[in-house]
Amino acid sequence: MTWRARLDSMTTWKWPAPSSDVLSAACRLVRRTLFICATSMALYGCQSILEQSYQPSVAPSSNPQIVDEVQKNDPRAAMGAREHPRIVASYGGEYRDPKTERLVARIAGALTAVSENPSQSYRITILNSPAINAFALPGGYLYVTRGLLALANDASEVAAVLSHEMGHVTANHGIERQKREEAEVIASRVVAEVLSSDIAGKQALARGKLRLAAFSRQQELQADVIGVRMLGEAGYDPYAAARFLDSMAAYSRFMSVDPEADQSLDFLSSHPNSAQRIELARDHARAFGQEGKVGDKGRDYYLDGIDGLLYGDSPEEGYVRGQTFLHGGLGIRFDVPPDFKIDNKVEAVMATGPGDVAIRFDGVADSQNQSLTNYISSGWVTGLDPSTIQQITVNGMEAATARASADRWDFDVTVIRNNSQIFRFLTAVPKGSQTLQQTADVLRASFRRMTPEETASLKPLRIRVVKVRPGENITTLAARMMGTDRKLDLFKLINALPTGASVSPGDRVKIIAE
């Protein structure tokens, strides 16, 4: 969802009545958002990627056997066709990049040739989401996020992902679930949550509530077996499944540093025990040769295909840079206090800080050019103290502030008009906390229009593939990373480097940079 669509679609901001646990939802949500964003749900709950290995008989194809549309006469495709636009909308749209699309098509084509049903055609969609996810719909609709492509280190790992998902399709797992009425429940949820109003306005709800039931353990393991056979017969490294599951486990640990992270949303939580599956994958792989001596990883052409891949926030959503949120399209920026963490969610920008302080920032269209003091008292803030409403100016822009209180929380509400938009800050602290004023002051003082030079210089983060030069090591390479305060940890994660690993001149590694 673009920021412009987000602003246009948000017309009210009604907070819970005093009898409810005001900000309980907000604070819990804010504390969990970093983890939730990275582990958003798969349509079928299928987010794990497990293959094993089989004797390779063909090499990876450079002539992908995929089509733009699934088989029109396949009745199973109807469900996939119905859900496709809803899923694409809830994951930020399609990611369009010819080089990356050709890469994924090449991998999928090699797998299709050795699949359980070679006549099955597939529609592969790269989703424009930093979440790490992959899933399938009946009829041959396959999805992989750009976040997953950024984490993978070679073509065989992505082949491991796709072959597992193809296994679900060829085994008709989605149809079996539909017969048990589970799939219809899922479909109705998608319709109710995404289509009850326009798609753009419902994206946040769709993302937050696509808690779709996982495939059964038996179905997951069956898809593993099918996927492993495909992986090996397509000539890929049969150990890729175990490697990528290791990477997923490392990613889960990286994201769960936050003690408030919702572990139930772990990418691997809805699947058989990941440690067991990793060992199972290795057991299957050992039957076909020694690790490192069988199958093709496809690392070089894979790195070529993802060099320049968008990483993290897209330009339409704005950017988080340390303690600052910037949006070039809207031309605004603001800072949060030190020790706060910002998360750029679909529905709002949220931040949390020490002492259970929470901040929410969003905006609404302002077509009526109404008085901001009237707007702030128009009923969308519960517990508002009318006597505290005052008109102010924030860096040359018309603004208004007020205080509110409900249950265990005190609030500062600030609204700022910029052109045809009203931007809104809500700062919440535990009742009686002395940090409310100073936190709100930082937000107000830092909120301003971006200069043309700032807008022109604002660039998205991307995966950059670089060669290690003489004298460079993991520490110096990690220092070149951008967009994170945990540079070394993230560098090791995206390059699947274990503790004690080293790099040599000429090696190709991924960094995150503009």
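For what it's worth, our numbering labels the leading residue of the sequence shown as 221, then goes sequentially.
Backbone N, C-alpha and C define an ideal beta-carbon position, used for all residues, glycine too.
Inter-residue spacing [alpha-carbon to alpha-carbon] between residue i and residue j
i	j	result
residue 344	residue 624	49 angstroms
residue 506	residue 687	31 angstroms
residue 460	residue 640	51 angstroms
residue 544	residue 536	16 angstroms
residue 373	residue 542	26 angstroms
residue 730	residue 589	48 angstroms
residue 676	residue 317	22 angstroms
residue 398	residue 455	Caution applies to residue 398, whose pLDDT of 46 falls short of 50 and renders its modelled position unreliable; the model cannot decide the point.
residue 683	residue 611	45 angstroms
residue 346	residue 375	15 angstroms
residue 546	residue 552	6 angstroms
residue 631	residue 555	18 angstroms
residue 462	residue 719	18 angstroms
residue 503	residue 716	21 angstroms
residue 591	residue 602	19 angstroms
residue 353	residue 562	22 angstroms
residue 422	residue 564	Unreliable placement is indicated for residue 422, whose pLDDT of 40 sits below 50; the coordinate value is still reported in the next sentence. Distance between the alpha carbons of residue 422 and residue 564 is about 17 angstroms.
residue 257	residue 570	Because the pLDDT at residue 257 is just 31, under 50, the model does not fix this residue reliably, and the point stays unresolved.
residue 362	residue 580	35 angstroms
residue 500	residue 452	15 angstroms
residue 667	residue 600	22 angstroms
residue 309	residue 620	34 angstroms
residue 192	residue 725	Look at the range of the chain in this structure, 221 to 734, and you will see that residue 192 is not part of it.
residue 728	residue 708	17 angstroms
residue 617	residue 593	14 angstroms
residue 710	residue 495	22 angstroms
residue 622	residue 587	22 angstroms
residue 567	residue 696	37 angstroms
Neighbourhood of residue i by C-beta distance below 6 angstroms, restricted to the same chain and skipping five residues each side
i	result
residue 323	525
residue 517	374, 376 and 457
residue 511	459
residue 722	none
residue 548	675 and 678
residue 638	617
residue 519	374
residue 539	533 and 546
Beta-carbon proximity of residue i to residue j, cut-off 9 angstroms
i	j	result
residue 534	residue 693	no
residue 356	residue 385	yes
residue 634	residue 663	yes
residue 381	residue 464	yes
residue 706	residue 733	no
residue 328	residue 342	yes
residue 383	residue 300	no
residue 330	residue 379	yes
residue 523	residue 685	yes
residue 606	residue 629	no
residue 531	residue 326	no
Those residues which DSSP pairs with residue i across a bridge
i	result
residue 630	625 and 649
residue 731	684
residue 539	546
residue 567	For residue 567, which the question treats as bridged, DSSP gives no partner whatsoever.
residue 177	Nothing about residue 177 can be read from this structure; the chain reaches only from 221 to 734.
residue 617	614
residue 638	641
residue 365	347
residue 456	516
residue 573	577
residue 553	546 and 668
residue 355	363
Of the listed residues the options, nearest to residue i (C-alpha basis)
i	options	result
residue 644	585, 313, 724 and 629	585
residue 315	304, 360 and 366	366
residue 703	681, 718, 675 and 711	681
residue 636	727, 582 and 599	582
residue 550	301, 651 and 669	669
residue 217	557, 722 and 696	Since the first and last residues shown for the chain are 221 and 734, residue 217 lies out of range.
residue 609	449, 307 and 595	595
residue 528	709, 599, 313 and 679	679
residue 627	695, 513 and 652	652
residue 303	326, 321, 697 and 359	359
residue 642	659, 665, 661 and 614	614
Chain-order list of residues whose beta-carbon lies under 8 angstroms from that of residue i (same chain, five-residue window excluded)
i	result
residue 247	Its pLDDT being 38, under 50, residue 247 is placed unreliably by the model, and the measurement read from it follows with that caveat. Taken in chain order, the residues that qualify are 572, 576, 578 and 648.
residue 713	371, 467, 470, 471 and 474
residue 657	632
residue 597	604, 606, 609 and 622
Chain B within 9 angstroms of residue i, Cβ atoms only
i	result
residue 632	Absence of chain B from the displayed structure is noted, only one protein chain being present.
Closer than 8 angstroms: residue i CB and nearest the ligand NAP heavy atom
i	result
residue 298	Looking for the ligand NAP in the displayed structure turns up nothing, as the structure carries no ligands at all.
Own chain, CB closer than 7 angstroms to residue i, minus 5 neighbours either side, in chain order
i	result
residue 574	559
residue 220	Given that the chain is displayed from residue 221 to residue 734, the structure contains no residue 220 and the question cannot be resolved.
residue 313	348
residue 321	346
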